[in-house]
Amino acid sequence: MSHLMDSITPVGNDTGRGDAPVTIRAARLDDAAGLLRLMRKVDVETPFMIYGKGERSLSVEDTRNLLVEAGLVRGLAMFVAQVGPELAGYTLAVSGGLARTRHCVRISALAVRRRWWRQGLGRAMLANVEQWARGMGAQRLELETMAANDAAQGLYESMGFVVEGRRRRAFLVAGAWMDALVMGKLLED
């Protein structure tokens with residue numbers, strides 16, 4: 001996993017949850033079980049994840065395989081936010097594999113446990129992905145978020161993302177349609 005950033009400790013890592021150190025780092029193979037537990041917890045803590053309760057069918061082995069792939073494939077990265085011994089969030093980022101899309105990095109997941117919301121972890125993880133993307137030579141970050149997720153949209157806009165489009169009725173959550181906002185950020189030199 002030499003192409004991944006090993007560890008970033010956010011500046012101002014006071015999370016309001018005691019003195020536990022906060023570290024943003026590349027996910028490791030030994031994180032597989034904890035990462036899967038984290039994903040499943042986040043899936044039920046918020047309606048804004050693509051997976052609903054019980055829909056994530058990954059096994060620990062599947063998660064381990066994803067982490068192996070992230071370590072082997074240039075342009076694929078999974079990072080975790082660790083608070084003390086606890087995994088509190090994760091991000092998944094993928095750069096385009098073709099010459100025409102290699103300059104784009106898509107953030108396909110950014111999730112934080114509810115107990116760590118509004119503590120700066122999402123911002124630190126997003127900054128980490130941006131730093132990784134710049135290191136890859138990317139010129140653009142892109143993501144989608146549910147239009148009703150005001151907190152996420154506010155975070156992304158505060159980090160320089162702009163709404164570039166809207167996918168109507170992109171999600172059906174608890175019987176209600178939700179649009180998706182397509183957001184992007186150009187990385188200036």
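Following UniProt numbering, the numbering of the sequence shown begins with 1 at its first residue and continues without gaps. Glycine included, C-beta positions come from ideal geometry on N, C-alpha and C.
Looking at the structure shown, is V60 part of a helix, part of a strand, or coil, going by DSSP?
-> What you label residue 60 is simply residue 60 of the sequence shown in a count that begins at 1. The answer is helix: DSSP assigns V60 an H, G or I state.
Could you pull the start and end residues of the alpha helix (DSSP H) that E45 belongs to?
-> For the purposes of this step, residue 45 is taken as the residue at position 45 of the sequence shown. Element bounds for E45: 32 to 45.
Return the residue from the list R40, A174, G160, A180 that minimises the CA-CA distance to R168.
-> One-based indexing of the sequence shown puts residue 168 at position 168. Looking at the Cα atoms, A180 is the closest of the given residues.
When you compare only the Cα positions, how much space is there between L67 and L87?
-> Taking the sequence shown and counting its residues from 1, the one referred to as residue 67 is at position 67. Taking the sequence shown and counting its residues from 1, the one referred to as residue 87 is at position 87. Looking at the two C-alpha atoms, the distance is approximately 15 Å.
Can you tell me where the alpha helix (DSSP H) with M125 in it begins and where it stops?
-> As a first step, residue 125 is located in the sequence shown; it is residue number 125 there, counting from the start. 121 to 135 is the extent of the alpha helix (DSSP H) around M125.
Looking only at its own chain, which residues have a Cβ that is under 6 Å from the Cβ of W116, when we skip the five neighbours before and after it?
-> Position 116 of the sequence shown, counting from 1, holds the residue named residue 116. Here the set comprises A88.
Taking the DSSP output, what are the residues bridged to F171?
-> Taking the sequence shown and counting its residues from 1, one reaches residue 171 at position 171. Its beta-bridge partners are M178.
For R114 versus T23, is the C-beta distance shorter than 8 Å?
-> For the purposes of this step, residue 114 is taken as the residue at position 114 of the sequence shown. For the purposes of this step, residue 23 is taken as the residue at position 23 of the sequence shown. Their beta carbons are not under 8 Å apart, which means R114 does not touch T23 by this criterion.
What's the gap between the Cα of Q82 and the Cα of R25?
-> For this step, residue 82 is matched to residue 82 along the sequence shown. For this step, residue 25 is matched to residue 25 along the sequence shown. Distance between the alpha carbons of Q82 and R25 is about 8 Å.
Three-state secondary structure assigned by DSSP to R100 = Residue numbering aside, residue 100 sits at position 100 when the sequence shown is read from its first letter. Note: R100 maps to coil in three-state DSSP.
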